[in-house]
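Peer 1: Mapping of the sequence shown onto the UniProt record's numbering: position 81 corresponds to residue 81, and the numbering continues sequentially without gaps.
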Amino acid sequence: MEPMFGHSILSDFMLAPEFINLNHGSFGALPHTIQKVYNTVTEEVERNPDHFIRRKLGIHVAEVQKRLAALVGAGEDECVVIPNVTHGIFVILRSMAWSEGDVLVHTPTAFPPIQRNVNTLPGVNQDLPKLSSFHLAFPESHASILERFQTHIRALKRGGSKVVALFDSIVSCPGVIMPWKQMVRICREEGVISIVDAAHSLGQERNIDLNDVQPDFWVANCSKWLYAKRGSGLLYVPKRNQHLISHNLPAGLRWLEPDAGKHTLSAFASEFHWNGSTDVALALTIGEDRIIQYCHNLAVNGGRRLAEILNTEVMDTNGELTGCMANVRLPLSTQILSSPDIAREFDRQLFEVHGVYASIYRHNDKWWARVSAQIYNEISDFEKLGRVLLEICPDLEARFAPGRSEHGRP
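#1: Return the first residue and the last residue of the beta strand (DSSP E) that N327 is part of.
#2: Short check: CB of G101 to CB of G159, under 8 Å?
#3: Mind pulling the alpha helix (DSSP H) runs of 4 or more residues that sit fully within the segment 134-186?
#4: Can you tell me whether DSSP reads Y38 as helix, strand or coil?
#5: Pull up the distance between the alpha-carbon of R54 and that of D12, whole angstroms please.
#6: Note down, in chain order, each residue of its chain lying with its Cβ closer than 6 Å to the Cβ of I177, except the 5 sequence neighbours on either side.
#7: Can you pull the DSSP bridge partners for R362?
#8: In chain order, which beta strand (DSSP E) runs of at least 3 residues are fully inside the segment 20-86?
#9: Give me the residue from R304, E397 and I336 with the minimum Cα distance to V328.
#10: The beta strand (DSSP E) spanning H106 covers which residue range?
#11: Could you tell me whether the Cβ atoms of V219 and K181 are closer together than 8 Å?
#12: Determine, using beta carbons only, whether D347 comes closer than 8 Å to chain B.
#13: Alpha carbons only, please: which of L310, T317 and S232 is nearest the one belonging to Q65?
#14: Please list the terminal residues of the continuous alpha helix (DSSP H) segment that includes L234.
#15: Exposed or buried, T109, counting other C-beta atoms within 10 Å across all chains shown (16 or more means buried)?
#16: Return the chain-ordered list of same chain residues with a C-beta closer than 6 Å to the C-beta of Q335, the five sequence neighbours on each side being excluded.
#17: I need the straight-line Cα distance from T86 to L166, nearest angstrom please.
#18: Quick check: what's the CA-CA separation for I342 versus F27?
#19: Can you name the start and end residues of the alpha helix (DSSP H) that V213 belongs to?
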């Protein structure tokens with residue numbers, strides 16, 4: 001019998017029953033079964049830490065990496081388990097041998113810690129590489145993005161220097177799908193190294209097939225949409241590029257090898273096998289068509305319903321930007337700018353007053369709600385959020401619009 005999705009499955013998750021979570025995309029939500037497996041593994045580790053870490057951990061990690069490789073259509077010796085996407089991209093960028101004239105193409109919509117990694121890179125690397133920003137402002141069609149991206153890449157002066165392009169498969173905020181596979185193809189045709197931040201792809205995208213797409217680097221989180229414990233991610237580096245990764249950060253200890261045999265880790269995988277006293281059970285909790293289809297349909301229909309309640313619109317005009325997250329414009333003045341104060345007030349009212357949460361952000365001069373759809377959500381959750389936002393937005397409009405004080409007086 002197939003499981004029923006919606007509120008009937010909420011009891012399978014560790015979420016507080018009185019809280020409506022419409023922000024699964026940020027930190028995920030853990031099923032009870034995964035927590036039980038995690039606890040079992042942790043107890044096994046603590047019964048004999050040396051034996052587990054020295055003799056068994058590598059075997060278990062190799063099995064996890066084998067399953068992840070099958071999920072993304074890659075070779076099992078090309079995938080390693082890492083803490084998160086930020087860690088993986090940091091490793092890639094700091095491992096690159098940057099030379100005079102090299103260029104790193106990035107996007108202003110990158111996840112903030114990734115953007116900080118990019119912006120601080122020249123400062124720790126003798127002003128190398130030069131940074132080139134590829135602007136994104138949504139809504140925008142995939143065709144338009146691809147045309148502008150190719151033009152941007154071709155306009156860069158190389159003269160024998162390398163160009164590296166870092167872009168998302170699914171942007172975090174706004175939560176929109178990028179034409180990343182076609183962007184990888186453009187990079188390959190133009191001789192550009194591609195790094196794909198796929199933090200939101202595992203569990204939200206089908207038919208990833210990295211062997212066919214052939215990105216140069218691809219990094220994903222398992223804790224967002226794959227129901228794994230936080231602190232587990234995937235770094236894909238094809239064999240042709242593994243020599244470019246000098247070492248993990250911090251550097252690994254290759255002497256902690258598993259028993260010889262079919263589970264023996266490659267030299268590349270061994271570098272990421274043991275990097276100090278981390279929580280080794282995290283990597284072992286990583287466990288899709290029906291799930292993804294349910295979440296996608298709910299994001300589309302829930303986004304439309306939310307926009308209807310708010311009397312606004314969804315960001316996605318033709319349907320190609322939406323995965324399992326909907327982006328709906330808020331009825332807030334475009335003159336209200338982002339600030340820590342308004343962010344704190346949104347969080348306070350959503351969390352403490354109303355017990356429902358979605359990610360609120362400003363993009364392209366407008367305010368939006370990024371609403372994540374998950375198997376434990378239903379349309380009624382989107383409707384509850386809509387009623388709450390109809391109450392919150394006028395209050396914040398009065399308090400934060402230009403020319404008004406915190407208490408709404410001129």
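Just so you know, even glycine gets a beta-carbon here, dropped at the ideal spot from N, CA and C.
Peer 2: Quick look at the numbers:
#1: Mapped onto the sequence shown, residue 327 falls at position 327. That run of the beta strand (DSSP E) goes M325 to R329.
#2: Sequence index remark: in the sequence shown, residue 101 carries index 101 (1-based). Sequence index remark: in the sequence shown, residue 159 carries index 159 (1-based). Yes. Within cutoff.
#3: Taking 4 residues as the shortest admissible run, the segment 134-186 contains the following complete alpha helix (DSSP H) segments, listed from N- to C-terminal end: 142-155.
#4: Here the question's residue 38 lines up with position 38 in the sequence shown. Secondary structure of Y38 (DSSP, three-state): helix.
#5: By one-based count along the sequence shown, residue 54 stands at place 54. By one-based count along the sequence shown, residue 12 stands at place 12. R54 and D12: Cα-Cα distance of roughly 34 Å.
#6: In the sequence shown, counting from the first residue as 1, residue 177 sits at position 177. Residues I170, L321 and G323 of the same chain have their beta carbon placed closer than 6 Å to that of I177, with the five preceding and five following residues left out of the count.
#7: Within the sequence shown, numbered from 1, the residue matching residue 362 stands at position 362. Bridge partners of R362: W367.
#8: If we require 3 residues or more, the beta strand (DSSP E) runs fully inside the segment 20-86 come out as 79-82.
#9: For the purposes of this step, residue 328 is taken as residue 328 along the sequence shown, with counting starting at 1. Per the Cα distances, R304.
#10: In the sequence shown, the residue the question calls residue 106 occupies position 106. Counted as a single uninterrupted DSSP element, the beta strand (DSSP E) harbouring H106 occupies residues V103 to H106.
#11: Numbered from 1 along the sequence shown, position 219 holds the residue referred to as residue 219. Numbered from 1 along the sequence shown, position 181 holds the residue referred to as residue 181. It is not a contact, given that the beta carbons lie outside the stated cut-off.
#12: Note that chain B does not occur in the displayed structure, where there is just one protein chain.
#13: For this step, residue 65 is matched to residue 65 along the sequence shown. Selected option, being the one with the closest Cα: S232.
#14: Walking along the sequence shown from the start, residue 234 turns up at place 234. That residue, L234, is in no alpha helix (DSSP H); its beta strand (DSSP E) goes G233 to Y236.
#15: Start at 1 with the first residue of the sequence shown, and residue 109 comes out as number 109. Around the beta carbon of T109, 16 or more other beta carbons sit within 10 angstroms, so the residue counts as buried.
#16: Indexing the sequence shown from 1 puts residue 335 at position 335. Only P402 meet the Cβ criterion.
#17: Walking along the sequence shown from the start, residue 86 turns up at place 86. Walking along the sequence shown from the start, residue 166 turns up at place 166. Roughly 12 Å separates the two Cα atoms.
#18: Here the question's residue 342 lines up with position 342 in the sequence shown. Here the question's residue 27 lines up with position 27 in the sequence shown. The straight-line gap from Cα to Cα measures roughly 22 Å.
#19: Taking the sequence shown and counting its residues from 1, the one referred to as residue 213 is at position 213. Counting along the chain, the alpha helix (DSSP H) containing V213 begins and ends at L210 to V213.
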